[in-house]
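What follows is a short report on a single structure.
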Amino acid sequence: MHSFHYISEKDIQHLTVADDELLLVLIQVSALHSSFSDWQNLLSKEEMDKAMSFRADADRNTYACAHAFLRTILSVLLQCKPTELFFLKETSGKPYVQSANIMSGNQTIHFSLSHSGNYVALCFHTQHPVGVDVEQINPSADYSQIAESYFSEQEKLDYNQAENKLIFFLKQWTAKEASGKVTGDGIAKLQSLKLPEGYVSTCHIEEQAVLSACYPEGSVSKNYYII
Numbered sequence: 023m024h025s026f027h028y029i030s031e032k033d034i035q036h037l038t039v040a041d042d043e044l045l046l047v048l049i050q051v052s053a054l055h056s057s058f059s060d061w062q063n064l065l066s067k068e069e070m071d072k073a074m075s076f077r078a079d080a081d082r083n084t085y086a087c088a089h090a091f092l093r094t095i096l097s098v099l100l101q102c103k104p105t106e107l108f109f110l111k112e113t114s115g116k117p118y119v120q121s122a123n124i125m126s127g128n129q130t131i132h133f134s135l136s137h138s139g140n141y142v143a144l145c146f147h148t149q150h151p152v153g154v155d156v157e158q159i160n161p162s163a164d165y166s167q168i169a170e171s172y173f174s175e176q177e178k179l180d181y182n183q184a185e186n187k188l189i190f191f192l193k194q195w196t197a198k199e200a201s202g203k204v205t206g207d208g209i210a211k212l213q214s215l216k217l218p219e220g221y222v223s224t225c226h227i228e229e230q231a232v233l234s235a236c237y238p239e240g241s242v243s244k245n246y247y248i249i
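Under the numbering used here, the first residue of the sequence shown is numbered 23, with each subsequent residue one higher.
Have a look at this one:
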């Protein structure tokens, strides 16, 4: 998962995902040509209301970008319009998608979304649930209290002995978050959560962010960085 193919926004229309593939898309919001005025036309009323609830323009833009690109990529994979998609939640709270376009049939796309600061991460798989988490690096952040609350005893020991506590924490945290999204548990069981059977891959992006994806072992990861 460490190498990304750089593509433009228009190349999204050519994205595909086979049954044995993970499609992973990373977006740097500030580098895009499109903007909030473009993204808002793709959002549902609920998504738009959520976007407008953010006080900071940067947070509003990142949220709108994440959900607009989620709709856009799903519409390509399901061969429908972005506005024909609607999202429901399982009892665990894990979201899933349905299309109002009958041409999409009963095709299932498992997906996961994460955004932090200037970064959005999306992943897709046709056969199995997947999870992704991205965290933008804040060099001045101290995560000691969070580690104390959510890490196992061994993880706390490893954290305290780590040469770079910040990066160690973010790699562990994003791996746990990505794994929790597969099951729908979220952060509720992070302390006791062990990485599931399968594959969790973590990478450090341009010294700016840390990203982890959880997906079935044996799947081929296709990674795209939209700029």
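For glycine and all other residues, C-beta sits at the position ideal for the given N, C-alpha and C.
Every value quoted in this text rests on a predicted model; they were computed, and no experiment measured them.
Taken in chain order, the whole beta strand (DSSP E) runs of length 3 or more contained in the segment 107 to 156 are 107 to 111, 117 to 121, 132 to 138 and 141 to 147. Cβ contact annotation for residue 165 (same chain, cutoff 6 Å, sequence separation greater than five): 191, in chain order. A distance below 6 Å between beta-carbons, with the five flanking residues on each side excluded, links residue 82 to the following residues of its chain, in chain order: 73 and 76.
Boundaries of the beta strand (DSSP E) around residue 225: 221 to 227.
Just so you know, the alpha carbons of residue 104 and residue 44 end up roughly 21 Å apart. Taking all protein chains shown into account, residue 242 has fewer than 16 neighbouring C-beta atoms within 10 Å of its C-beta and is therefore exposed.
Contact check for residue 80 and residue 61: beta-carbon distance about 14 Å, past the 8 Å limit, so the pair fails to qualify. Rounded to the nearest whole angstrom, the C-alpha separation of residue 30 and residue 248 is 5 Å.
DSSP places residue 186 in the coil class of the three-state scheme, outside both helix and strand.
By the criterion of a C-beta distance shorter than 6 Å, residue 152 is surrounded in its chain by 132, 134, 145 and 237, once the five residues flanking it on both sides are discounted.
Using a Cβ distance threshold of 9 Å, residue 100 and residue 37 do not count as a contacting pair.
When only Cα atoms are considered, residue 183 and residue 149 end up about 39 Å apart.
51 is the residue among 169, 95, 97 and 51 whose C-alpha sits nearest the C-alpha of residue 85.
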